[in-house]
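Numbering (the working numbering), first residue to last: 241 to 581. Positions of the beta carbon are idealized from the N, C-alpha and C atoms, including for glycine. Source: prediction; values computed, not measured. Read the structure below first, then the notes.
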Ligand code: TRP
Ligand code: SF4
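Shown next, in the form of structure tokens:
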């Protein structure tokens with residue numbers, strides 16, 4: 241009898257993504273990015289990193305919170321179900337190789353490519369009160385290109401706002417290969433993997449954000465979840481219990497769209513438009529669903545928080561795994577550029 245043909249292992253494409261260490265994450269981060277990361281780790285080779293240098297491109301004077309923010313965020317990644325045995329987790333600043341590639345790419349990158357990145361001028365306008373006329377801020381999409389190219393990523397899961405940075409990464413790779421590749425692809429061009437925008441707004445209907453104080457943290461206490469949802473504004477035209485409402489005008493409805501099944505949604509639509517239910521009644525299933533979703537997160541987070549050494553160790557192992565890859569690419573890059581002497 242013939243020996244069974246071994247199943248050829250399906251090559252898993254490499255995924256690289258980073259997040260700025262903004263501290264403990266909220267539900268908007270979960271639905272907007274992290275949920276997708278958790279999914280991707282099952283059939284891709286994932287590199288997820290804390291983009292702490294990126295945080296310094298805009299918040300270069302805020303060093304006090306950096307360390308806590310880094311580890312609060314990593315704990316939330318783990319709490320959400322990122323599995324350190326599947327995905328490689330690391331901290332950008334622990335890998336000077338990223339800075340080396342950034343410097344080498346900077347030599348041949350036209351200034352105009354960076355100046356025309358849409359977020360550049362927008363952010364300078366938006367972040368008033370911060371002096372962003374810095375070299376680091378202009379260069380940050382190129383640093384991002386280095387983060388991606390150093391792992392030869394095939395896919396970069398990011399939101400729409402970050403897509404231009406992946407586009408510039410492709411241009412930078414193309415230029416590098418043209419200048420130094422001698423017909424070979426040293427740095428493959430990555431593709432953007434667009435993450436659906438989070439359907440979950442903040443408590444007031446605007447984009448969820450800690451600075452707007454309209455957020456629910458991933459590790460928010462259940463009592464606090466309840467308090468926040470109960471205080472959520474509803475359809476402004478539904479003033480009295482007897483007023484009929486319109487879910488489309490109510491931020492609570494957006495939460496039902498994410499957290500409720502079709503039966504509950506039908507109950508809301510029916511009850512709201514006929515004044516058959518009160519708003520607090522309507523909010524209860526949302527409270528329950530969020531608290532239920534958070535329970536395993538809280539449990540995992542508690543285990544990690546009671547053993548911070550384990551979190552450091554996870555990051556340590558991930559950093560060294562990433563370093564092996566990054567070093568290999570840098571050897572090839574130096575070789576291609578004639579920097580081996
Ligand atoms: N610039 C991204 C942000 O602000 C974070 C980031 C840094 C990143 N390097 C990256 C994302 C590489 C994807 C790939 O959200
Ligand atoms: Fe909003 Fe529900 Fe109140 Fe309607 S019943 S206004 S959907 S909270």
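Just checking residue i against ligand 2 - is the residue's beta carbon closer than 7 Å to any of the ligand's heavy atoms?
i	result
residue 523	yes
residue 517	yes
residue 507	no
residue 251	no
residue 353	no
residue 474	yes
residue 442	no
residue 471	no
residue 445	no
residue 478	yes
residue 553	no
residue 317	no
residue 490	yes
residue 493	yes
residue 286	no
residue 399	no
residue 558	no
Give every residue of the same chain whose Cβ lies closer than 6 Å to the Cβ of residue i, excluding the five residues on either side of it in the sequence, and list them in chain order.
i	result
residue 300	none
residue 511	517
residue 397	257, 276, 433 and 435
residue 561	328
residue 241	Only weak support exists for where residue 241 lies, its pLDDT of 48 falling under 50; the coordinates are left without a value.
residue 481	518
residue 324	554
residue 569	390
residue 574	580
residue 289	258, 330 and 332
residue 416	427
I'd like to confirm something about residue i: is its beta-carbon nearer than 7 Å to some heavy atom of ligand 1, or not?
i	result
residue 260	yes
residue 322	no
residue 388	yes
residue 405	yes
residue 291	yes
residue 546	no
residue 257	yes
residue 294	yes
residue 281	no
residue 278	no
residue 396	yes
residue 363	no
residue 384	yes
residue 402	yes
With which residues is residue i paired in a DSSP beta bridge?
i	result
residue 258	289
residue 331	290
residue 457	266
Going by beta carbon distance, what residues of the same chain come within less than 7 Å of residue i, once the five residues before and after it are set aside?
i	result
residue 349	382 and 412
residue 372	298, 363 and 364
residue 441	447, 448, 491 and 494
Given residue i, which residues of its chain have a CB within under 8 Å of its CB, disregarding the five upstream and five downstream residues?
i	result
residue 326	281, 282 and 286
residue 294	258, 260, 332, 380, 383 and 384
residue 500	508, 525, 526 and 529
residue 538	319 and 459
residue 582	An answer regarding residue 582 cannot be provided, because it is not within the stretch 241 to 581 covered by the chain.
Decide yes or no for the touch test of the stretch 351-366 against the stretch 389-406: beta carbon pairs closer than 8 Å, at least 3 of them.
yes
Can you list the beta strand (DSSP E) stretches of 3 or more residues lying completely in the stretch 365-433, in chain order? 395-398
Sequence ranges, alpha helix (DSSP H) only - wholly within the stretch 431-500, length at least 4:
462-470 and 491-499
Q) Are three or more beta carbon pairs between the stretch 455-471 and the stretch 523-533 nearer than 8 Å? A) yes
Going residue by residue through the stretch 290-363, where are the continuous beta strand (DSSP E) segments of at least 3 residues, counting only ones entirely within it? 328-331
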